[in-house]
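Asker: Residue numbers (the numbering used here), protein chains in the order written: chain A, 315 to 447; chain B, 425 to 945. Every residue, glycine too, gets a C-beta built ideally from N, C-alpha and C.
1) Look up residue 376 (chain A) in the DSSP assignment and say whether it is helix, strand or coil.
2) With 16 as the cutoff for other CB atoms within 10 Å, does residue 724 (chain B) come out buried or exposed?
3) Starting from residue 602 (chain B) and walking both ways along the alpha helix (DSSP H), at which residues does that stretch end?
4) For a test of the three-state rule: what should DSSP assign to residue 522 (chain B), helix, strand or coil?
5) Tell me, to the nearest whole angstrom, how far the beta carbon of residue 861 (chain B) is from that of residue 537 (chain B); I am working on the premise that it is less than 8 Å.
6) Would you mind working out which of B:482, B:468 and B:473 sits nearest residue 798 (chain B), comparing C-alpha positions?
7) Report yes or no: is there a C-beta of chain A within less than 7 Å of the C-beta of residue 758 (chain B)?
8) I believe residue 609 (chain B) touches residue 658 (chain B) by the beta-carbon criterion, under 8 Å. Please report the beta-carbon distance rounded to the nearest angstrom.
9) What residues of chain E sit near residue 438 (chain A), judged by a beta carbon separation below 8 Å?
10) By Cβ distance, which residues of its chain are closer than 6 Å to residue 556 (chain B), with the 5 residues on each side in sequence left out?
11) State the Cα-Cα distance for the pair residue 435 (chain A) and residue 396 (chain A), rounded to the nearest angstrom.
12) For residue 764 (chain B), which beta-bridge partners are listed by DSSP?
13) Let me check one thing: in DSSP terms, what residues is residue 422 (chain A) bridge-paired to?
14) Quick check: is the beta carbon of residue 368 (chain A) nearer than 7 Å to any beta carbon in chain B?
15) Specify the secondary structure class of residue 784 (chain B) as computed by DSSP and reduced to three states.
16) Report the three-state DSSP secondary structure of residue 527 (chain B) (helix, strand or coil).
17) Distance, Cα to Cα, residue 559 (chain B) vs residue 784 (chain B)?
18) Between residue 392 (chain A) and residue 341 (chain A), is the Cβ-Cβ spacing less than 7 Å?
19) Would you please verify whether the beta carbon of residue 509 (chain B) is less than 7 Å from any beta carbon of chain A?
20) Anything in chain B within Cβ reach of residue 406 (chain A), meaning under 7 Å, just list it in chain order.
21) List, in chain order, every chain B residue whose beta-carbon is nearer than 9 Å to that of residue 365 (chain A).
22) Looking only at C-alpha atoms, which of B:780, B:830 and B:638 sits nearest to residue 761 (chain B)?
23) If you draw a straight line from the alpha carbon of residue 644 (chain B) to that of residue 600 (chain B), how long is it in whole angstroms?
24) With a 10 Å radius around its C-beta and 16 neighbouring C-beta atoms as the bar for buried, classify residue 376 (chain A) as buried or exposed.
25) At which residue ranges does the region 702-754 of chain B contain complete alpha helix (DSSP H) runs of 4 or more residues, listed in the order of the chain?
26) Do you know whose CA, among B:792, B:521, B:580 and B:733, lies nearest residue 691 (chain B)'s CA?
27) Where does residue 635 (chain B) land, buried or exposed, given buried means 16+ other C-beta within 10 angstroms?
28) Residues bridged to residue 830 (chain B) by DSSP?
29) Contact criterion: CB-CB distance below 7 Å. Does residue 425 (chain A) meet it with respect to chain B?
30) Taking three-plus beta-carbon pairs below 8 Å as touching, is the region 842-857 of chain B in contact with the region 771-782 of chain B?
31) Can the beta-carbon of residue 401 (chain A) be found less than 7 Å from the beta-carbon of residue 363 (chain A)?
32) Can you round the beta-carbon distance between residue 588 (chain B) and residue 540 (chain B) to whole angstroms, since I take them to be within the 8 Å contact cut?
33) Give a yes or no on whether the C-beta atoms belonging to residue 371 (chain A) and residue 404 (chain A) are separated by under 7 Å.
34) Indicate whether at least one CB of chain A lies closer than 7 Å to the CB of residue 565 (chain B).
35) Looking at chain B, is there any beta carbon in it that lies within less than 7 Å of the beta carbon of residue 376 (chain A)?
36) What residue range does the beta strand (DSSP E) around residue 431 (chain A) cover?
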């Protein structure tokens with residue numbers, strides 16, 4: 315199976331600013347203090363390739379100064395279930411990470427119901443689910 | 425159902441303390457907006473005089489107050505503040521043809537139905553994981569026998585779950601592909617009777633994936649979200665062009681955005697390439713020596729549309745890149761970022777009418793991104809009440825279904841979709857194909873034991889557990905089934921409802937919230 319990175323390679327999506335180690339640490343620290351847990355390893359790996367991503371209403375957040383993609387800002391601004399770390403969104407869904415169960419959760423923006431769940435090693439599926447081309 | 429302004433607040437024009445007197449950091453950060461909120465009778469005027477980002481900040485402030493992010497003491501002052509917020513959100517609604525509805529009744533949709541709405545909207549489908557597929561389907565895939573069955577054996581109308589797909593035009597158009605795929609693979613036609621929504625998703629994914637390894641498959645070249653944008657441009661493109669130009673936006677930016685919206689149905693600014701409208705010396709120079717060059721090209725002349733289209737088609741659009749007087753490409757910061765918003769939310773689509781209309785152009789509106797977030801979704805679920813087995817959620821609703829675009833709070837473009845013959849035809853077909861999801865699931869469940877016995881399929885509890893997840897939102901009173909069946913469903917659904925209730929209670933107001941009087945349902 316292709317990876318999500320393979321899927322977006324040909325989409326001409328700008329890569330944005332590079333992930334700086336310090337930015338990731340700051341994000342981890344603040345998100346942890348907000349009670350949202352840490353950015354999971356697999357997602358942090360993804361951020362090394364794309365430190366945030368936006369295309370036509372679909373977003374993946376990163377440790378970036380871009381206001382549209384800043385993971386800390388978005389966790390403060392966007393309505394979401396408590397205690398879940400928001401990683402991205404599209405028109406319908408939120409992509410969150412549940413630190414307790416170590417699962418990625420796709421959550422309906424309207425009623426906060428979990429519509430899909432993915433284990434940490436299924437990040438590609440979760441990203442593909444949220445990122446509609 | 426809007427909240428009435430307190431008479432005390434109405435009596436005094438300036439009833440709020442000054443920003444300096446307030447200890448809340450939330451308000452301190454927005455001190456400059458406090459004057460606008462204190463304006464009372466001139467609120468609309470002051471609000472409209474604000475630059476767009478500050479209008480958004482004002483809306484954020486109002487929703488913050490309504491969400492009790494600002495807690496004031498004494499309690500009376502806090503109540504006044506809340507009254508004011510409810511009053512102002514009503515007045516902002518008047519400006520942009522919308523209103524704050526405290527109580528939209530919510531009949532939950534099943535996860536399957538939600539997924540179908542999303543898939544039709546985007547026109548894409550992602551790969552299913554093995555555990556999402558039913559045991560029966562996996563059995564029939566393993567025992568497929570190419571050449572054994574005839575194409576006419578595959579009658580999708582016999583499949584309860586395909587009938588759920590069939591409610592949507594987007595899926596009806598690909599029904600022949602689904603039949604052909606099943607036939608080509610030699611999957612036993614009896615599988616249709618027991619296939620789940622996920623099983624059909626797997627078939628559609630395999631039908632349309634560019635390679636078997638692809639995670640995404642585009643089953644509609646233009647999903648209904650993009651179709652809406654393109655239809656909007658067909659009907660109202662000129663109005664949008666004029667409106668954006670009159671707002672002072674560089675015409676090259678306007679033309680590039682409108683072109684992209686018309687051609688691709690895409691409003692994304694990030695990936696937008698802004699091109700010149702007229703030939704510049706630089707462009708003519710760059711084109712010279714290429715197959716695109718023509719001796720008739722003159723500096724200042726309009727670049728022919730065909731040339732622009734051809735260069736985009738050939739991925740050579742950078743030859744037309746617009747630049748400022750210093751040769752620098754244009755900044756996109758001042759461009760509006762439109763997003764598609766569902767006027768009646770997907771979550772409220774189960775309103776007794778038919779489901780497919782949720783993706784109709786009449787139910788979609790293009791809204792500038794910040795307004796989409798802060799206004800149209802900034803007031804979601806401020807009120808949530810469960811009463812008599814019904815749930816109510818607050819939301820911003822549109823008053824006028826003809827509004828097709830909102831560029832900020834004041835600028836609207838209307839479109840009368842009702843006259844659209846394509847839509848009329850679609851509505852007619854959709855109404856013919858309406859089914860009840862739960863009844864279809866019931867039919868499918870009734871088929872499973874027979875098929876499992878007939879083909880000796882190892883059908884276990886696991887399958888039932890997987891199915892249970894799909895029935896999360898079942899409402900017993902929405903279908904007419906036997907008491908025994910209701911009991912089966914209740915057993916499945918109960919643990920899920922408990923989880924749901926726990927989740928909801930976690931989102932309730934914090935302990936120190938002041939009571940908001942006069943707002944009980």
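Answerer: According to the structure shown:
1) Here residue 376 (chain A) refers to the residue found at position 62 when the first chain is read from its first residue. Correct three-state label for residue 376 (chain A): strand.
2) Locating residue 724 (chain B) in the second chain gives position 300, counting from the first residue. That one is exposed.
3) On the second chain, residue 602 (chain B) is found 178 positions in, with the first residue counted as 1. Note, residue 602 (chain B): alpha helix (DSSP H), 599-609.
4) Here residue 522 (chain B) corresponds to residue number 98 of the second chain, with the count starting at 1. In the structure shown, residue 522 (chain B) sits in a strand (DSSP, three-state: E or B).
5) Start at 1 with the first residue of the second chain, and residue 861 (chain B) comes out as number 437. Start at 1 with the first residue of the second chain, and residue 537 (chain B) comes out as number 113. Residue 861 (chain B) to residue 537 (chain B), Cβ: 6 Å. Contact.
6) To locate residue 798 (chain B), count along the second chain from 1; it is residue 374. The shortest Cα separation from residue 798 (chain B) among B:482, B:468 and B:473 belongs to B:482.
7) Here residue 758 (chain B) refers to the residue found at position 334 of the second chain. By this cut-off, residue 758 (chain B) is not an interface position.
8) Residue 609 (chain B) sits at position 185 when you count from the first residue of the second chain. Residue 658 (chain B) sits at position 234 when you count from the first residue of the second chain. No, residue 609 (chain B) and residue 658 (chain B) are not in contact; Cβ-Cβ is about 39 Å, not under 8 Å.
9) Of the protein chains in the structure, A and B, none is chain E.
10) Taking the first residue of the second chain as position 1, residue 556 (chain B) is located at position 132. Hits under 6 Å: 622.
11) Residue numbering aside, residue 435 (chain A) sits at position 121 when the first chain is read from its first letter. Residue numbering aside, residue 396 (chain A) sits at position 82 when the first chain is read from its first letter. Approximately 23 Å between the Cα atoms of the pair.
12) The residue labelled residue 764 (chain B) in the question sits at position 340 within the second chain. B:790, per the DSSP bridge assignment.
13) Stepping through the first chain from its first residue, residue 422 (chain A) is reached at position 108. Paired residues: A:407.
14) Position 54 of the first chain, counted from the first residue, corresponds to residue 368 (chain A). Chain B contact via Cβ: present.
15) Translated into the one-based positions of the second chain, residue 784 (chain B) becomes position 360. Reduced to three states, the DSSP call for residue 784 (chain B) is coil.
16) On the second chain, position 103 is the one that residue 527 (chain B) refers to. Strand, per DSSP.
17) Taking the first residue of the second chain as 1, we reach residue 559 (chain B) at position 135. Taking the first residue of the second chain as 1, we reach residue 784 (chain B) at position 360. Approximately 35 Å, taken between the alpha carbons.
18) By one-based count along the first chain, residue 392 (chain A) stands at place 78. By one-based count along the first chain, residue 341 (chain A) stands at place 27. No, the pair does not count as a contact, with Cβ atoms beyond the cut-off.
19) As a position in the second chain, residue 509 (chain B) is number 85, starting the count at 1. Residue 509 (chain B) does not count as touching chain A.
20) Start at 1 with the first residue of the first chain, and residue 406 (chain A) comes out as number 92. Here the neighbours are 542 and 770.
21) Numbered from its first residue, the first chain carries residue 365 (chain A) at position 51. Neighbours of residue 365 (chain A) on chain B: none; closest Cβ ~14 Å, over 9 Å.
22) Position 337 of the second chain, counted from the first residue, corresponds to residue 761 (chain B). For the residues B:780, B:830 and B:638, the minimum Cα distance to residue 761 (chain B) belongs to B:830.
23) Taking the first residue of the second chain as position 1, residue 644 (chain B) is located at position 220. Taking the first residue of the second chain as position 1, residue 600 (chain B) is located at position 176. Distance between the alpha carbons of residue 644 (chain B) and residue 600 (chain B): 13 Å.
24) Along the first chain, read from residue 1 onward, the residue named residue 376 (chain A) stands at position 62. Answer is buried; the Cβ neighbour count reaches 16.
25) 705-711 and 729-737
26) Mapped onto the second chain, residue 691 (chain B) falls at position 267. The shortest C-alpha separation from residue 691 (chain B) is found at B:792.
27) Indexing the second chain from 1 puts residue 635 (chain B) at position 211. It is exposed - the Cβ of residue 635 (chain B) has fewer than 16 other Cβ atoms within 10 Å.
28) Taking the second chain and counting its residues from 1, the one referred to as residue 830 (chain B) is at position 406. Residue 830 (chain B) pairs with B:791 and B:836.
29) Residue mapping note: residue 425 (chain A) aligns to position 111 of the first chain, counting from 1. With 7 Å as the cut-off, residue 425 (chain A) counts as an interface residue toward chain B.
30) yes
31) Taking the first residue of the first chain as position 1, residue 401 (chain A) is located at position 87. Taking the first residue of the first chain as position 1, residue 363 (chain A) is located at position 49. No, Cβ-Cβ distance for residue 401 (chain A) and residue 363 (chain A) is not below 7 Å.
32) Within the second chain, residue 588 (chain B) is the residue found at index 164, counting from 1. Within the second chain, residue 540 (chain B) is the residue found at index 116, counting from 1. The distance from the Cβ of residue 588 (chain B) to that of residue 540 (chain B) is about 7 Å, consistent with a contact at the 8 Å cut-off.
33) Looking up residue 371 (chain A) in the first chain gives position 57. Looking up residue 404 (chain A) in the first chain gives position 90. Yes, these two residues count as a Cβ contact at 7 Å.
34) As a working mapping, residue 565 (chain B) is identified with position 141 in the second chain. Cβ-Cβ to chain A under 7 Å: no for residue 565 (chain B).
35) On the first chain, position 62 is the one that residue 376 (chain A) refers to. At a cut-off of 7 Å between C-beta atoms, residue 376 (chain A) does not count as an interface residue with respect to chain B.
36) Taking the first chain and counting its residues from 1, one reaches residue 431 (chain A) at position 117. That run of the beta strand (DSSP E) goes 428-433.
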